[in-house]
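Take a look at the structure set out below.
Number of protein chains: 2
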Amino acid sequence: MTTTLINDVNAGAVGDLIAAVQAQPDKADTVWSATVNWNGGFRSSAQIRDFDPVPSDEPPGLGGTDTAPNPVEQLLGALGNCLAVGYAAGATAGGIEIKDLRIELEGDLDLRTFLGLAPDGHAGYEGIRVNVHLETDATDDQVAALHDAVIGTSPVGHTLARPIPVEIALV
Amino acid sequence: MTTTLINDVNAGAVGDLIAAVQAQPDKADTVWSATVNWNGGFRSSAQIRDFDPVPSDEPPGLGGTDTAPNPVEQLLGALGNCLAVGYAAGATAGGIEIKDLRIELEGDLDLRTFLGLAPDGHAGYEGIRVNVHLETDATDDQVAALHDAVIGTSPVGHTLARPIPVEIALV
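What follows is the structure, given as C-alpha cells:
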C-alpha cells in the first residue's frame with residue numbers, strides 16, 4: 001500500500017477521527033490540560049504532558065529577568081500555531097500543496113489595568129492583527145475559500161474572539 | 172545601598188514603570204508580536220524576539236506527529252504563566268512571601284467545529300477551569316485579596332474571558 005502525503009499531513013488520521021466522531025459524537029468532547037510551576041520572580045514554566053517545560057518570564061522593564069517569551073507573547077504564538085494547523089489541514093483536504101507559510105501576529109495591550117492604574121479596566125489585548133503569508137499554486141478563489149475555512153474552524157482563534165468562561169479558584 | 176527582594180521580584184522596576192506611566196500615560200500602550208513559521212505537517216514554531224523558537228505539533232489522533240504541545244495546550248500554558256506573574260507581583264507588593272505556587276488548568280473543547288462537522292459552530296474552548304495552589308504565611312483575607320487582584324488584572328485572563336477583535340488577513 002502506498003500512502004501519498006500532501007504537505008506531510010497524515011490526512012488518514014484526521015479522516016479516521018472524523019469517521020469516529022460521526023459514529024460516536026461524544027468522541028469530539030476533549031479535555032486539554034497544563035500545569036504551571038512558579039520558579040521565582042516572574043519566571044514560571046508550563047508542563048504539558050511529558051514535553052519539556054515551556055519557560056516564561058517578563059522583560060526587565062516589567063520587572064522580569066527576560067529569560068523567555070512572556071505570557072501575552074505566548075498567546076500570540078499559540079494563535080499563530082493554531083492557524084498554521086488550520087491552513088495545513090484545509091490545504092491538504094483541498095489538494096493544495098503549501099510551498100511556504102509564515103504568519104505574523106501583533107497585539108495591542110494597555111498596561112494600565114495590569115499595573116493597577118485603571119481598576120476594573122480591561123487588562124487584555126484590545127485587538128490582535130494577523131498577517132498570513134501563504135505561498136501555493138492554488139487559484140485566488142481556492143486560497144480565499146481555504147482562508148475562510150481556517151477562520152471558521154480555528155480553536156484558538158474562536159477562543160480569543162469570543163467570551164469564554166474562565167473559572168479561577170484557590171484550592 | 173541594599174535592595175531587599177521578596178519573591179525574587181524586582182519590585183523597583185515595576186514601580187519605575189508605574190511612575191513612568193503616571194507621568195506619561197501613553198507609555199502604557201504596548202504592542203507585542205510573534206512570527207509563526209510552518210515546518211510541514213501540523214508542525215510549526217513561534218519566533219518571539221530572539222528567543223529559541225517555540226515548537227508546536229498535534230497528537231497522532233489529530234493527524235500530527237506529537238513532537239510538541241499543541242496550540243490549545245499552549246493557550247492554557249500562557250494563561251497559567253500569566254496568572255503566576257500576577258500572584259508574584261501582587262504578593263510582592265503586599266509583602267507576602269510565596270513559598271510555593273502551582274497552577275493547574277483544564278479546558279473543554281468540542282472538536283466538531285474544528286473537524287468541519289458543525290459549520291458556524293464554536294471551535295474554541297467552551298470553558299477553562301483553573302485551580303491555584305498557593306502556599307504562604309499570609310492570612311486568608313490577605314490571600315483572598317491577592318486572588319481578587321490577580322483576577323482583576325490578568326492580561327491573558329481578560330483576553331480569554333472577553334471577546335477580542337481578531338483580524339486575520341492574507342497578504
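Just so you know, the sequences run in chain order A and B.
For the first sequence, our numbering begins at 1 and goes up steadily by one.
For the second sequence, our numbering begins at 172 and goes up steadily by one.
Note that beta-carbon positions come from the ideal geometry of N, C-alpha and C, so glycine has one too.
Keep in mind that this is a model prediction, so the values were computed, not measured.
Please list the terminal residues of the continuous beta strand (DSSP E) segment that includes residue 116(A).
Run containing residue 116(A): none; DSSP gives neither H nor E here.
Which of the three DSSP states, helix, strand or coil, is assigned to residue 170(B)?
Nothing in the structure corresponds to residue 170(B), since chain B is present only between 172 and 342.
Pull the bridge partners of residue 10(A) from the DSSP assignment, please.
None; residue 10(A) has no bridge partner.
Would you list, in chain order, the members of the stretch 193 to 213 of chain B that have their beta-carbon closer than 9 Å to a beta-carbon of chain A?
193, 196, 198, 199, 200, 201, 202, 203, 204, 205, 206, 207, 208, 209, 210, 211, 212, 213
Backbone CA spacing between residue 257(B) and residue 321(B) [nearest angstrom]:
5 Å
Selected residue, minimal CA-CA separation from residue 39(A), among 190(B), 240(B), 233(B), 251(B):
251(B)
Residue 139(A): buried (16+ other C-beta within 10 angstroms of its C-beta) or exposed?
exposed
Mapping DSSP to helix, strand and coil, what is residue 73(A)?
helix
Tell me, please, which residues DSSP counts as bridged to residue 133(A).
102(A)
What is the DSSP secondary structure of residue 189(B), counted as helix, strand or coil?
helix
Three or more C-beta pairs below 8 Å linking the stretch 216 to 231 of chain B and the stretch 299 to 309 of chain B
no
Contact set between residue 205(A) and chain B, taken where Cβ atoms lie within less than 8 Å
The question about residue 205(A) has no answer, for chain A in this structure spans 1 to 171.
Segments of 4+ residues assigned as alpha helix (DSSP H) that fall wholly inside the stretch 196 to 273 of chain B
242 to 264
Looking at the C-beta of residue 142(A), does it have a partner C-beta in chain B at a distance below 8 Å?
no
Against chain B, with Cβ distances strictly below 8 Å, would residue 95(A) count as a contact?
no
Do residue 255(B) and residue 267(B) come within 8 Å of each other at the CB atom, strictly closer than that value?
no
Measure how close the beta-carbons of residue 331(B) and residue 48(A) come, nearest whole angstrom, since I'm counting them as under 8 Å.
Not quite, the Cβ-Cβ distance comes to about 17 Å (not below 8 Å), so this is no contact.
Extent of the continuous alpha helix (DSSP H) run through residue 329(B):
326 to 332
Confirm, please, whether the CB-CB distance from residue 234(B) to residue 9(A) is below 8 Å.
yes
Excluding the 5 residues flanking residue 245(B) on each side, which residues of the same chain have their C-beta closer than 7 Å to its C-beta?
227
So that I know if they touch, is there some Cβ in chain B lying closer than 8 Å to that of residue 148(A)?
no
Do we get a CB-CB distance below 8 Å when we pair residue 335(B) with the residues of chain A?
yes
Residue 155(A) beta carbon less than 8 Å from that of residue 285(B):
yes
Cα-Cα, which of 36(A), 5(A), 158(A) is closest to residue 281(B)?
158(A)
Contact criterion: CB-CB distance below 8 Å. Does residue 177(B) meet it with respect to chain A?
no
How about residue 135(A): is its C-beta nearer than 8 Å to some C-beta of chain B?
no
List, in order along the chain, the chain A residues whose C-beta lies closer than 7 Å to that of residue 284(B)?
153
As assigned by DSSP and simplified to three states, the class of residue 109(A)
strand
Given a cut-off of 8 Å, decide if residue 279(B) and residue 298(B) are closer than it, judged by their beta-carbon atoms.
yes
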